[in-house]
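S.K.: Okay, so the sequence shown: first residue is 213 according to the working numbering, each after it adds one.
Don't be surprised by glycine CBs; every beta carbon is placed ideally from N, CA and C.
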Amino acid sequence: MESLKQKILTEGKVLSESVIKVDTFLNHQVDPVFMQSVGEAFASRYAESGITKILTLESSGIAPAVMAGLSLQVPVIFARKRKSLTLNEHLYTAEVYSYTKKESNDISVSKDYINHNDLVLIIDDILANGQAALGMVEIVEQAGATLEGIGVVIEKGFQEGGKTLRERGIHVESLATIASLSDGHVTLQNKEAIV
Ligand code: 5GP
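(1) Considering only DSSP beta bridges, list what Phe254 is partnered with.
(2) Would you check if the stretch 308–318 and the stretch 235–253 touch, i.e. whether three or more CB-CB distances between them fall below 8 Å?
(3) Compare the C-alpha of Arg380 against each of Ser386, Gly342, Leu331, Ala255 and name the closest.
(4) Express the C-alpha separation of Val364 and Val278 in angstroms, rounding to a whole number.
(5) Using the C-alpha atoms, what's the distance from Gly361 back to Thr222?
(6) Give the straight-line distance between the Cα atoms of Ala355 and Ile220, rounded to the nearest whole angstrom.
(7) Check whether the Cβ of Ser386 sits closer than 7 Å to any heavy atom of the ligand 5GP, and report yes or no.
(8) Measure the alpha-carbon distance for Glu214 versus Asn239 and round it to whole angstroms.
(9) If Ile335 and Ile382 are in contact, beta carbons under 8 Å, what's the gap, nearest whole angstrom?
(10) Do Gly273 and Asp330 come within 8 Å of each other at the CB atom, strictly closer than that value?
(11) Is any heavy atom in the ligand 5GP found nearer than 7 Å to the beta carbon of Lys368?
(12) So for Lys314, helix, strand or coil by DSSP?
(13) Under the three-state reduction of DSSP, which class applies to Gly363: helix, strand or coil?
(14) Please confirm whether Glu307 and Phe290 have their CB atoms less than 8 Å apart.
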């Protein structure tokens, strides 16, 4: 997705060899018009999958997921990082370890919103080691639903997440892939090089 690649190159701030800050358009400020085109890009990649629900994780996954839901005309559920104090027995839960925050969080989704008839598309902002995505995959499995794929806005191709998920046979689509953050520079991966 060309406009996304331009934003990463011009607005992304390399914080270290492995972390990029993209607060101007993804993790803090959201440009709704741009985000709508992100949603449309996901929708076209999963147009034939018969998606019935989109699952994401609060908070940065919500904007791209809602825009994809708008395009596909399906509901969007965001997994919560804190359990509510009530209705615990009525939740699907999974543990997610965050390498950036160095802590584990339980994520949870009410059993009311995903069931065995659903064809689920997982959407997230950034794919790094794949822990967040795997937590959401576990929730889809607990629901007995069918996982149709995982769409991420930015994949960090030099980390393990994409490989882990694809090795499990999951249809992963990333709208832009970062090949490296070495020497303070963002190097994007060409589409040809991904395959
Ligand atoms: P994973 O579970 O795949 O290791 O990491 C996924 C989550 O960690 C993303 O949803 C994102 O919130 C956060 N994350 C991982 N790497 C980066 C990064 O380089 N920059 C930012 N801003 N967030 C990241």
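M.R.: On the basis of the coordinates in this document:
(1) Counting from 1 along the sequence shown, the entry for residue 254 is found at position 42. Note: Phe254 is not bridge-paired with any residue in the DSSP secondary-structure output.
(2) Taking a cut-off of 8 Å for Cβ pairs, the stretch 235–253 and the stretch 308–318 do not touch, as fewer than three such pairs fall below it.
(3) In the sequence shown, residue 380 corresponds to position 168, counting from 1. Taking only the C-alpha atoms, the option nearest Arg380 is Gly342.
(4) Position 66 of the sequence shown, counting from 1, holds the residue named residue 278. Position 152 of the sequence shown, counting from 1, holds the residue named residue 364. The alpha-carbon atoms of Val278 and Val364 are separated by roughly 13 Å.
(5) Counting from 1 along the sequence shown, the entry for residue 222 is found at position 10. Counting from 1 along the sequence shown, the entry for residue 361 is found at position 149. About 29 Å.
(6) By one-based count along the sequence shown, residue 355 stands at place 143. By one-based count along the sequence shown, residue 220 stands at place 8. Cα to Cα, the separation comes out at about 35 Å.
(7) Numbered from 1 along the sequence shown, position 174 holds the residue referred to as residue 386. Relative to the ligand 5GP, Ser386 has its C-beta separated by 7 Å or more from all heavy atoms.
(8) Position 2 of the sequence shown, counted from the first residue, corresponds to residue 214. Position 27 of the sequence shown, counted from the first residue, corresponds to residue 239. One Cα belongs to Glu214, the other to Asn239, and the distance between them is close to 19 Å.
(9) Position 123 of the sequence shown, counted from the start, is the residue given in the question as residue 335. Position 170 of the sequence shown, counted from the start, is the residue given in the question as residue 382. Actually they do not touch by this definition, with Cβ atoms about 13 Å apart.
(10) Locating residue 330 in the sequence shown gives position 118, where the first residue counts as 1. Locating residue 273 in the sequence shown gives position 61, where the first residue counts as 1. No. Outside cutoff.
(11) For the purposes of this step, residue 368 is identified with residue 156 of the sequence shown, where counting begins at 1. The beta carbon of Lys368 sits closer than 7 Å to at least one heavy atom of the ligand 5GP.
(12) For this step, residue 314 is matched to residue 102 along the sequence shown. The DSSP-derived three-state label of Lys314 is coil.
(13) The residue labelled residue 363 in the question sits at position 151 within the sequence shown. If DSSP states are grouped into helix, strand and coil, Gly363 belongs with the strands.
(14) The sequence position of residue 307 within the sequence shown is 95, counting from 1. The sequence position of residue 290 within the sequence shown is 78, counting from 1. No, these two residues do not count as a Cβ contact at 8 Å.
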